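In my numbering, the protein residues as written are 37 to 234. Beneath this line is the structure, given in structure tokens, with notes to follow.
Next comes the structure, spelled out in structure tokens:
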């Protein structure tokens with residue numbers, strides 16, 4: 037009997053895709069069975085994406101699936117309104133996979149608040165790969181993920197407020213005093229703090 041996967045697999049090359057393609061690929065990977073395929077209706081897909089079941093949203097999903105098929109991200113079979121979406125063979129061979137606990141993904145989904153959960157997930161995956169002594173800026177993270185610096189800032193605030201149980205991400209602001217006495221912010225460092233008591 038198949039058991040539910042405890043990890044979420046996100047391919048690194050997805051991280052720079054726009055919001056809808058990234059979220060659809062993430063959802064497909066998360067909901068996929070052992071054959072890396074998701075089977076369901078567009079109504080079900082809307083529910084998993086956390087959007088209204090409207091004709092506009094369903095048309096946007098269809099258009100995005102067309103883009104993903106054309107660019108060899110997924111294979112798609114439609115039979116009597118049932119969509120079978122599977123990751124393309126090229127994705128299977130891609131060695132650059134980011135893995136996180138499904139529980140962490142769920143916490144990000146549940147706590148996204150005013151930020152988009154797809155962008156928050158992207159930023160989270162990026163932050164956990166940054167060495168703790170590496171100074172970076174919101175603009176640099178945004179450039180790496182094709183999102184704005186202000187979006188990154190909101191996502192970071194959300195991520196740093198989430199209790200992941202066994203660890204948390206702490207942001208440290210790095211500043212330098214200028215000759216004229218003013219303080220100049222160089223950026224931030226991000227540290228993963230382990231919580232042994234949990």
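Think of the CB as a built atom: it goes at the ideal place given N, C-alpha and C, for glycine as much as any other residue. No experiment lies behind these values; they were computed from the predicted model shown.
Would you call the CB atoms of residue i and residue j closer than 7 Å?
| i | j | result |
| --- | --- | --- |
| residue 228 | residue 207 | no |
| residue 218 | residue 156 | no |
| residue 226 | residue 166 | yes |
| residue 94 | residue 112 | no |
| residue 191 | residue 132 | no |
| residue 188 | residue 178 | yes |
| residue 55 | residue 149 | no |
| residue 51 | residue 158 | yes |
| residue 163 | residue 205 | yes |
Rank the options by C-alpha distance to the C-alpha of residue i and give the top, closest one.
| i | options | result |
| --- | --- | --- |
| residue 43 | 193, 136 and 190 | 136 |
| residue 58 | 173, 80, 181 and 215 | 181 |
| residue 124 | 169, 185, 118 and 105 | 105 |
| residue 146 | 118, 84, 210 and 214 | 84 |
| residue 209 | 222, 203 and 134 | 222 |
| residue 211 | 62, 48 and 171 | 171 |
| residue 101 | 198, 134 and 62 | 62 |
| residue 140 | 183, 86, 198 and 116 | 198 |
| residue 196 | 184, 160, 107 and 220 | 160 |
| residue 49 | 216, 203, 134 and 99 | 134 |
Would you mind reading off the limits of the beta strand (DSSP E) that contains residue i?
| i | result |
| --- | --- |
| residue 119 | 118-123 |
| residue 45 | 43-47 |
| residue 160 | Counting along the chain, residue 160 falls outside any beta strand (DSSP E), though it belongs to the alpha helix (DSSP H) covering 153-163. |
| residue 225 | 219-230 |
| residue 216 | That residue, residue 216, is in no beta strand (DSSP E); it is neither H nor E in DSSP. |
Output the boundary residues of the alpha helix (DSSP H) element that contains residue i.
| i | result |
| --- | --- |
| residue 99 | 91-106 |
| residue 60 | 55-67 |
| residue 88 | Taken as a continuous stretch (DSSP letters only), residue 88 belongs to no alpha helix (DSSP H), as it is neither H nor E. |
How is residue i classed by DSSP in three states: helix, strand or coil?
| i | result |
| --- | --- |
| residue 170 | coil |
| residue 182 | coil |
| residue 200 | coil |
| residue 150 | coil |
| residue 39 | Low local confidence applies: a pLDDT of 40 at residue 39 is under 50, so the model's placement there is unreliable, with the coordinate-based value given in what follows. Three-state DSSP puts residue 39 in coil, outside helix and strand. |
Below 8 Å on the Cβ atoms is my guess for residue i versus residue j; work out the distance and round it to an integer in Å.
| i | j | result |
| --- | --- | --- |
| residue 64 | residue 121 | 5 Å |
| residue 76 | residue 118 | 7 Å |
| residue 97 | residue 81 | 6 Å |
When the cut-off is 7 Å and only beta carbons count, does residue i lie next to chain C?
| i | result |
| --- | --- |
| residue 147 | Here there is only one protein chain, and chain C is not present. |
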